[in-house]
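Below: one structure, written as structure tokens.
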Amino acid sequence: MALLIFIFLLCFPISIFFIFFTKKSSSEFGFKSYPIVGSFPGLVNNRHRFLDWTVETLSRCPTQTAIFRRPGKQQLIMTANPSNVEYMLKTKFESFPKGQQFTSVLEDFLGHGIFNSDGDMWWKQRKTASYEFSTKSLRDFVMSNVTVEINTRLVPVLVEAATTGKLIDLQDILERFAFDNICKLAFNVDCACLGHDGAVGVNFMRAFETAATIISQRFRSVASCAWRIKKKLNIGSERVLRESIATVHKFADEIVRNRIDQGRSSDHKEDLLSRFISKEEMNSPEILRDIVISFILAGRDTTSSALSWFFWLLSMHPEVEDKILQELNSIRARTGKRIGEVYGFEHLKMMNYLHAAITESLRLYPPVPVDIKSCAEDNVLPDGTFVGKGWAITYNIFAMGRMESIWGKDCDRFDPERWIDETNGCFRGEDPSKFPAFHAGPRMCVGKDMAYIQMKSIVAAVLERFVVEVPGKERPEILLSMTLRIKGGLFARVQERS
Ligand code: HEM
């Protein structure tokens, strides 16, 4: 008997070790999987380098697609394969909605706004947004807001930093810029977050930031019941989230109600809220609030994330900065514009090299690094991968920008020239299923053109007047929140360019 107990005690831990830690996945290349716990051990081990880990894993897979095994029947597929991306975002769009699993996580904050809805609800908002974003009046409104923000906020903040010689957090400055800008576009309110720490809008911005950060953490919660229990008990981060959402909703509700009361007599005709109010089917205060909040979320951290990584890359590639300055010089020479005068839309269109450099930065550091959909019916992807009904599928934009199979041997190199057409020197775009930084198909980002207007205007204004120096040569640490941010900020020193 004693011998049996001894053998059992010896064998039990050894067998547990073998079951959990040595059994290889059915797929030799993808995420390793173990009985009961699936692929979670790999995720836990690599959580501090999640994106780099997925790049390594997907680039080893024959079709750049891997299965992440979860306990239970519903699995998660991750792909960096352009044919699969085209299939899910375009060809079989209806089969791959955001899905209840995704939208229920964000619903407390975003309700049923464009960013967080599917089907009819999404389509009605999309139709209006697509139309309004193609109008010249909205583009002019954006141009004038960007010009004012650059001249009266961004440049003075940088002049002061140049005078004092202090390190500044460029990421924070860009986030404040983007927040001011998107609030003007969404409901024509000047939050004045850049350069005015005491402004009314700062509370709104902070609450918005907290809500967006905490709600995105729900996706990383190991078991979804964990956040749901905390929410029910109103404790910990869920309590902070509830308070932040209340602040955001109160601020937005007041604006929406006032605007509805003002009705047709309102002076605000240009912003998105006024444009949506005039649509019969979307004039309930709650849905208007959800729409506005979705737009703020979509336009807030995306451009600032893109530009933070862009300025870091530029600090490592002075030859690219020189070429941008040469291009700006030649445009000034042709148009007679003086330094300090912000460029108009027609001038921005001439900046092919700058457009290419920003796009190249988006390839390597996409603000939305991974995107998730659910599968509404059993499907087989073009590369032969089976995706069952109810499974989740993510396409990994960060990994796609680093795939040799898409970009060739120099895929890791920051090279704006790959976006320039050699025959005419103009910017040459790429198929969105290979480069889905702005999504692809019917849900493609509606703010893409506006984002380029904002990004090109900022880069031109900053580079012509200032030299930006980022100390250190290491890649900054990635912070995964709703977007790809730089952990701890992007600290830089600026000097006025002589
Ligand atoms: C560099 C800047 C930007 C990038 C990389 C970007 C990227 C994206 C991506 C990947 C999506 C799809 C997200 C999803 O459905 O899961 C998206 C959607 C969207 N974006 Fe952008 N975006 C940028 C700037 C903006 C700006 C400035 C605005 C607003 C003015 C905006 C408005 C939207 C909206 C409303 C959607 C939802 C579209 C829909 O679901 O039909 N974006 N964007």
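FYI, our numbering numbers position 294 of the sequence shown as 1638, with every residue one higher than the one before it.
Beta carbons are placed, not taken as given, at the ideal position from N, Cα and C, and that holds for glycine.
Assign residue i to one of two classes, buried (16 or more other C-beta atoms within 10 Å of its C-beta) or exposed (fewer than that).
i, result
"Cys1770", "exposed"
"Trp1295", "This structure cannot settle anything about residue 1295, because the visible part of the chain is limited to 1345 through 1842."
"Asp1722", "exposed"
"Cys1866", "Because the chain spans 1345 through 1842 in this model, residue 1866 falls outside it and cannot be assessed."
"His1593", "buried"
"Gln1444", "exposed"
"Ile1517", "buried"
"Leu1392", "The sequence as given places His at residue 1392; Leu does not occur at that position. With fewer than 16 other Cβ atoms within 10 Å, it is exposed."
"Ala1567", "exposed"
"Gly1643", "buried"
"Ile1358", "Bear in mind that a pLDDT of 44 at Ile1358, under 50, signals an unreliable position, so the number given afterwards is only what the model happens to contain. By the 10 Å Cβ count, Ile1358 comes out exposed."
"Asp1524", "buried"
"Phe1730", "exposed"
"Met1660", "exposed"
"Tyr1475", "exposed"
"Ser1370", "With a pLDDT of 43 at Ser1370, under the threshold of 50, the predicted position of this residue should be treated as unreliable, though the coordinate-derived value follows. Per the 10 Å Cβ criterion, exposed."
"Thr1479", "exposed"
"Leu1514", "buried"
"Val1600", "buried"
Which of helix, strand or coil does DSSP assign to residue i?
i, result
"Ser1377", "coil"
"Gly1785", "helix"
"Phe1771", "strand"
"Ser1705", "helix"
"Ile1358", "Any reading at Ile1358 must be qualified, since the residue scores a pLDDT of 44, below 50, and its modelled position is unreliable; the value itself is stated next. Looking at Ile1358 - three-state DSSP - the assignment turns out to be helix."
"Gln1532", "In the sequence on display, residue 1532 carries Asn and not Gln. In this structure, Asn1532 counts as coil in the three-state DSSP scheme."
"Met1422", "strand"
"Asp1634", "helix"
"Ser1659", "helix"
"Ser1565", "coil"
"Asn1740", "strand"
"Gln1469", "helix"
"Ser1718", "strand"
"Gly1833", "coil"
"Asp1513", "strand"
"Ile1458", "helix"
"Ile1604", "helix"
"Ser1581", "helix"
"Ile1558", "helix"
"Val1811", "strand"
"Leu1725", "coil"
"Glu1665", "helix"
"Glu1493", "helix"
The ligand HEM heavy atoms versus the CB of residue i: any closer than 8 Å?
i, result
"Arg1787", "yes"
"Trp1466", "yes"
"Pro1500", "no"
"Pro1760", "no"
"Ala1424", "no"
"Ile1637", "no"
"Pro1711", "yes"
"Lys1792", "yes"
"Phe1563", "no"
"Asp1765", "no"
"Gln1798", "yes"
"Leu1395", "no"
"Leu1698", "no"
"Lys1693", "no"
"Arg1470", "yes"
"Ile1741", "yes"
"Asp1715", "yes"
"Pro1780", "yes"
"Gly1463", "no"
"Gly1455", "no"
"Ile1526", "yes"
"Gly1643", "yes"
"Phe1459", "yes"
For residue i and chain D, any beta-carbon pair shorter than 9 Å?
i, result
"Ile1411", "No chain D appears in this structure, which consists of one protein chain only."
Hey, residue i and residue j: beta-carbon distance below 9 Å or not?
i, j, result
"Ile1764", "Phe1689", "no"
"Phe1453", "Ile1589", "yes"
"Leu1651", "Met1799", "yes"
"Glu1704", "Asp1759", "yes"
"Val1429", "Ser1777", "yes"
"Val1381", "Pro1415", "yes"
"Arg1678", "Leu1708", "no"
"Phe1440", "Lys1717", "yes"
"Ala1536", "Leu1616", "no"
"Met1626", "Lys1468", "yes"
"Ile1750", "Pro1426", "yes"
"Asp1645", "Arg1829", "yes"
"Ile1640", "Ile1526", "yes"
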